[in-house]
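A.B. asks: Sharing a structure here in structure tokens format.
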Amino acid sequence: MDRVEIVEVGPRDGLQNLPDVIPVAERIAFVDRLIAAGLKRIEIGSFVSPKAVPQMADTAAVVAGIKRVPGLRLMALVPNARGASDAMAAGLDELEFVLSVSDDHNLANVRRTTDQSIAELEEVCTAIDPDKKLTLRFGLATSFHCPFAGYTEEARTLSVIERVLKIREGVEIALADTTGKAHPVNVRYLVEKALKTFGQSARFAFHGHDTSGFGIANVMAAYAAGIRIFDGAAAGLGGCPFAPGASGNIATEDIVNLFERMGVATGVDMPRLLEAADMAAEFPGAIPGSHSRLLPRQAA
Ligand code: COA
Ligand code: ZN
């Protein structure tokens, strides 16, 4: 039986865009429900400036409050060397270094050009203690489309992949459709080229937003092109505060529903995932975007 790996990004991508800061205890309760659903890789927050994203303050306290279970890997997003060092001190298992393929979004998001972020990545990789057994992931925002510069040239995304892999081979690279403007043909072409050219030196993941309603079709296109790692956010919350016009992530429950119905194992318990998604949908100001959550529960 084929299987896919689901990376739940709701506690980070989902909560970073809510109007209010969700208290640490509720964030922990949300992560606990995701763990109870069998999710093994969870991005539980980010180590960024609280002035830039107040919703992500106190991620270290969230990490400290999680009851670990065997096989669980907690990930956090970091934009710079300071974030990486704070995340390491907090005991994360995985770091996602975020950089955008387009300069315009990278400047809006982390106040650096793409070149400057690549230079910072070099610093982060040098600083990582090999004994920590930390897994590195590079999150390539605007791999397909930028809210300011429009569609990203495929050649530019491939060249950024090449440059970051020169710094550290063997990592996971998340190709992110930050704005939800990619369509399945964009996804298929880029994934096919990325896997053909760099498939020996990196693992690829697909991180999509459902702004245009193409989310699950894009997941299918990425799967057909060879990707087996998918990001989702419970209840389809999400969005980058620095990507105007983008709406929520593809709902984790929609991704799980798709694969399980196709006979592809996800390792996720759907009824329990729906309980976590219900909780996410109730956060103040949340704009849920899922289909599976609205189906009669026995049919979901
Ligand atoms: N964690 C917490 N605080 C941080 C930090 C981090 N990783 N990196 C910088 N800071 C603080 C500095 O201490 C400084 O604080 P002060 O104003 O109180 O002195 C302030 O942020 C600015 O520091 P500086 O080094 O000048 O950073 P910058 O201006 O280059 O800011 C980022 C860049 C990356 C820190 C900021 O833009 C950011 O946090 N962006 C996050 C974007 C994000 O999370 N987007 C959503 C996910 S895609
Ligand atoms: Zn995202």
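Just so we're aligned: the sequence shown equals residues 34 to 333 in this note's numbering. Every residue, glycine too, gets a C-beta built ideally from N, C-alpha and C. Since the model is a prediction, treat every value here as computed from it, not as a measurement.
1. By a C-beta neighbour count over all protein chains shown, 10 Å radius and 16 as the cutoff for buried, is Pro83 buried or exposed?
2. Looking only at C-alpha atoms, which of Lys214, Glu225, Ile161 sits nearest to Thr244?
3. Under the three-state reduction of DSSP, which class applies to Ala141: helix, strand or coil?
4. Would you report the Cα separation of Leu307 and Tyr256, rounded to the nearest angstrom?
5. Arg60: buried (16+ other C-beta within 10 angstroms of its C-beta) or exposed?
6. Measuring only the C-alpha atoms, how far is Leu48 from Pro56?
7. With a threshold of 16 other CB atoms inside 10 Å of the CB of Val134, please say whether the residue is buried or exposed.
8. Looking only at its own chain, which residues have a Cβ that is under 7 Å from the Cβ of Ala333, when we skip the five neighbours before and after it?
9. Quick one: Cα of Leu169 to Cα of Gly203, how far?
10. Measure how close the beta-carbons of Val252 and Phe239 come, nearest whole angstrom, since I'm counting them as under 8 Å.
11. Determine the DSSP secondary structure at Leu191, reduced to helix, strand or coil.
12. With 16 other CB atoms within 10 Å as the buried threshold, where does Ala160 fall?
13. Could you pull the DSSP bridge partners for Gly172 from this structure?
14. Using the three-state DSSP reduction, which class does Ala333 fall into: helix, strand or coil?
15. What did DSSP end up calling Val42 once you bin it into helix, strand or coil?
16. Cβ of Glu286 within 7 Å of Cβ of Ser323?
17. Where are the beta strand (DSSP E) runs, 3 residues long or more, that stay fully inside the region 228–279, in chain order?
18. Along the chain, where does the beta strand (DSSP E) containing Val111 start, and where does it finish?
19. If you check the beta carbons only, do Gly296 and Gly281 fall under 7 Å apart?
20. Can you give me the C-alpha to C-alpha distance between Ala298 and Lys199, rounded to a whole angstrom?
C.D. replies: The answer reads as follows:
1. Along the sequence shown, one-based indexing puts residue 83 at 50. Pro83 should be labelled exposed.
2. Along the sequence shown, one-based indexing puts residue 244 at 211. Ranking the options by Cα distance to Thr244, first place goes to Lys214.
3. Within the sequence shown, the letter at position 108 stands for residue 141. Helix at Ala141.
4. Your numbering for residue 307 matches position 274 in the sequence shown. Your numbering for residue 256 matches position 223 in the sequence shown. So the two alpha carbons sit approximately 23 Å from each other.
5. As a working note, residue 60 is residue 27 in the sequence shown. The residue is buried, with at least 16 neighbouring Cβ atoms inside 10 Å.
6. If you number the sequence shown from 1, residue 48 lands on position 15. If you number the sequence shown from 1, residue 56 lands on position 23. Between Leu48 and Pro56, the C-alpha separation is close to 11 Å.
7. Within the sequence shown, the letter at position 101 stands for residue 134. Classification for Val134: buried.
8. Against the sequence shown, residue 333 aligns to sequence position 300. Residue confidence is low: Ala333 scores 49 on pLDDT, short of 50, so the model does not pin down where it sits. Its coordinate-derived value is still stated next. Taken in chain order, the residues that qualify are Asn290, Met303, Leu307, Ser325.
9. Position 136 of the sequence shown, counted from the start, is the residue given in the question as residue 169. Position 170 of the sequence shown, counted from the start, is the residue given in the question as residue 203. Cα to Cα, Leu169 sits roughly 9 Å from Gly203.
10. Here residue 252 refers to the residue found at position 219 of the sequence shown. Here residue 239 refers to the residue found at position 206 of the sequence shown. With a Cβ gap of about 7 Å, Val252 and Phe239 count as contacting.
11. Taking the first residue of the sequence shown as 1, we reach residue 191 at position 158. It is helical.
12. Along the sequence shown, one-based indexing puts residue 160 at 127. Its Cβ having fewer than 16 others within 10 Å, Ala160 is exposed.
13. Numbered from its first residue, the sequence shown carries residue 172 at position 139. Looking at the DSSP assignment, Gly172 forms a beta bridge with Val131, Ala207.
14. By 1-based counting over the sequence shown, the position of residue 333 is 300. Model confidence at Ala333 stands at a pLDDT of 49, short of 50, so the residue's coordinates are unreliable; what they give is reported in the following sentence. The answer is coil: DSSP assigns Ala333 none of H, G, I, E or B.
15. Indexing the sequence shown from 1 puts residue 42 at position 9. In the structure shown, Val42 sits in coil (DSSP, three-state: anything other than H, G, I, E or B).
16. Counting from 1 along the sequence shown, the entry for residue 286 is found at position 253. Counting from 1 along the sequence shown, the entry for residue 323 is found at position 290. Their beta carbons are under 7 Å apart, which means Glu286 touches Ser323 by this criterion.
17. 236–241, 262–265
18. Position 78 of the sequence shown, counting from 1, holds the residue named residue 111. Taken as a continuous stretch (DSSP letters only), the beta strand (DSSP E) holding Val111 covers 106–111.
19. One-based indexing of the sequence shown puts residue 296 at position 263. One-based indexing of the sequence shown puts residue 281 at position 248. Not a contact, by the Cβ cut-off of 7 Å.
20. Here residue 298 corresponds to residue number 265 of the sequence shown, with the count starting at 1. Here residue 199 corresponds to residue number 166 of the sequence shown, with the count starting at 1. Each residue's Cα considered, the two are about 33 Å apart.
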